[in-house]
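Residue numbers (the working numbering): 975 to 1059. Where is the CB? At the ideal position from N, CA and C, for every residue including glycine. The structure under discussion appears below in the form of structure tokens.
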Ligand SMILES: [Zn+2]
Ligand SMILES: [Zn+2]
């Protein structure tokens, strides 16, 4: 699936800790960055990689967001109306 990430210090394979983790505020969508968080099992170094694979385009408003989350823009616009999802 994804290429292996290696720790630059001990060259162990980094373990994926979180995928497409949202960085930044949900209300500052222009500044939002999603990252994959990798941790080295040996030295516990944390590496961040920009997550692009989990981004999906919202069919309703066309905005880009993480596949793991609901669309923030539709959530703001539609309020609690998710019954027809
Ligand atoms: Zn390491
Ligand atoms: Zn949307």
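Open item on the list: Is it buried or exposed, residue 1098, if we count other Cβ atoms within 10 angstroms and call 16 or more buried?
Closed with: Coverage of the chain is limited to positions 975 through 1059, which leaves residue 1098 absent and any answer about it impossible.
Task: Nearest-residue set for ligand 1, Cβ under 7 Å from any heavy atom - done: The answer, residue by residue, is 981, 983, 984, 986, 1014, 1016, 1017 and 1019.
Task: Minimum C-alpha distance to residue 1013 - residue among 1036, 979 and 989 - done: From the listed residues 1036, 979 and 989, the smallest Cα separation to residue 1013 is found for 989.
Task: The alpha helix (DSSP H) enclosing residue 1046, as first and last residue numbers - done: Counting along the chain, the alpha helix (DSSP H) containing residue 1046 begins and ends at 1046-1052.
- [ ] Measure the C-alpha to C-alpha separation of residue 1043 and residue 1018 and round it to an integer number of angstroms.
- [x] If I take the Cα positions, the gap works out to 27 Å.
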